[in-house]
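Here is the structure we will look at.
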Amino acid sequence: MKKTTSPSVLKDFIQVFLGPMLVNKMFMLYFGLNYANYPGEGYGFGLVATILVLFILVGRFLWKYRYVEDP
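Each residue of the sequence shown is one higher than the last, beginning at 312 in our numbering.
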């Protein structure tokens with residue numbers, strides 16, 4: 312039995328790609344550079360939070376399409 316892909320796959324893929332690539336990467340750079348320059352001032356929490364957001368976004372995408380086969 313062949314499952315058809317949802318038309319929202321492309322929209323979700325672009326969202327998962329552009330979100331972490333553009334927005335989350337800027338936050339990672341900001342918090343990472345400030346954490347390296349000023350350790351112990353709380354920038355590490357922001358860095359960990361941005362990494363967790365990255366894993367949550369990608370994990371949600373992978374979990375949502377775990378049963379969809381490649382064409």
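Virtual Cβ for every residue (Gly too), placed ideally from N, Cα, C.
Within this structure, are the beta carbons of residue i and residue j separated by less than 7 Å?
| i | j | result |
| --- | --- | --- |
| phenylalanine 328 | threonine 361 | no |
| leucine 365 | asparagine 335 | yes |
| proline 331 | leucine 368 | yes |
What does a CB cutoff of less than 7 Å around residue i pick up in its chain, not counting 5 residues either side in sequence?
| i | result |
| --- | --- |
| glycine 355 | Tyr346 |
What residue does the alpha helix (DSSP H) around residue i start on, and which one ends it?
| i | result |
| --- | --- |
| valine 349 | This sequence places tyrosine at residue 349; valine is not what is there. Per DSSP, tyrosine 349 belongs to no alpha helix (DSSP H) and is neither H nor E. |
| arginine 371 | 354-375 |
| valine 334 | Careful: valine 334 lies outside any alpha helix (DSSP H) and carries neither H nor E. |
| phenylalanine 327 | For the sequence presented, residue 327 should be read as valine rather than phenylalanine. Taken as a continuous stretch (DSSP letters only), the alpha helix (DSSP H) holding valine 327 covers 320-329. |
Report all residues from its chain with a CB closer than 8 Å to the CB of residue i; omit the five preceding and five following residues, and keep chain order.
| i | result |
| --- | --- |
| leucine 321 | none |
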